[in-house]
DNA sequence: GCGACAG
DNA sequence: ATCTTGTCGC
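Residue numbers (our numbering): 0 to 219.
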């Protein structure tokens with residue numbers, strides 16, 4: 000599919016932070032995405048091993064989660080893991096995978112954060128600019144922010160707040176399991192991001208598209 | 001200065 | 001993320 004690269008990936012950590020400040024203002028988290036308009040949901044994940052990174056994008060069709068397309072891409076890992084700069088580590092290999100997508104997903108769910116990030120531009124938001132399509136951040140652990148108690152039932156949420164700003168929610172996707180952290184990536188609002196995530200989740204903690212992508216990326 | 005820190 | 005054994009539970 001058509002991509003919209005905004006800058007080269009070969010940068011220093013300092014330049015990476017500068018780019019995040021330049022791009023954060025372009026992230027749109029005010030757009031509603033009606034569930035009725037969501038048919039194709041893509042799961043995105045990356046595995047790393049021995050200096051190589053493998054990206055997997057698995058496109059599923061609701062409501063049965065039939066797999067429509069799977070794209071794999073492998074490249075040398077270009078950047079170290081630095082909290083807050085994950086997109087500069089996984090962006091290059093994801094860019095290649097996205098460029099080879101034949102289908103047109105209505106929304107992409109990432110393994111990582113959207114705006115629930117120190118500079119409000121986690122990997123789901125950053126790659127959302129490349130895709131110019133709705134993206135959602137679905138993290139398993141917290142990067143920034145605090146949240147209070149949430150109900151024990153599936154679907155329970157608690158606001159994720161950082162510096163007085165609501166940047167996402169802690170969402171329980173299954174009874175008795177720790178919550179996942181949902182935040183808008185780009186071109187979607189928080190309420191829609193939560194609705195889509197729940198619509199994409201069945202009996203497991205993580206959304207089906209993400210589970211499929213994780214399995215497809217393998218251990219390398 | 002100290003602690004926190006997606007994947 | 002990846003490195004690792006056994007173990008609790010459906």
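Ideal placement from N, C-alpha and C gives every residue a C-beta, glycine not left out.
Asked                                                                                                                             : Found
Chain-order list of residues whose beta-carbon lies under 7 Å from that of residue 111 (same chain, five-residue window excluded) : 85, 121, 122, 123, 136 and 138
Cβ neighbour criterion (16 or more within 10 Å) applied to residue 89                                                             : buried
Secondary structure of residue 195, DSSP reduced to three states                                                                  : helix
Closest by C-alpha distance to residue 67, when choosing among 1, 83 and 101                                                      : 101
Residues that residue 157 bridges to, as DSSP identifies them                                                                     : 169
Separation of residue 180 from residue 34, as counted between CA atoms                                                            : 20 Å
Which listed residue (13, 10, 43 and 31) has its alpha carbon closest to that of residue 215                                      : 43
Cβ-Cβ distance between residue 207 and residue 64 below 7 Å                                                                       : yes
Residues bridged to residue 125 (per DSSP)                                                                                        : Beta-bridge pairing links residue 125 to no other residue.
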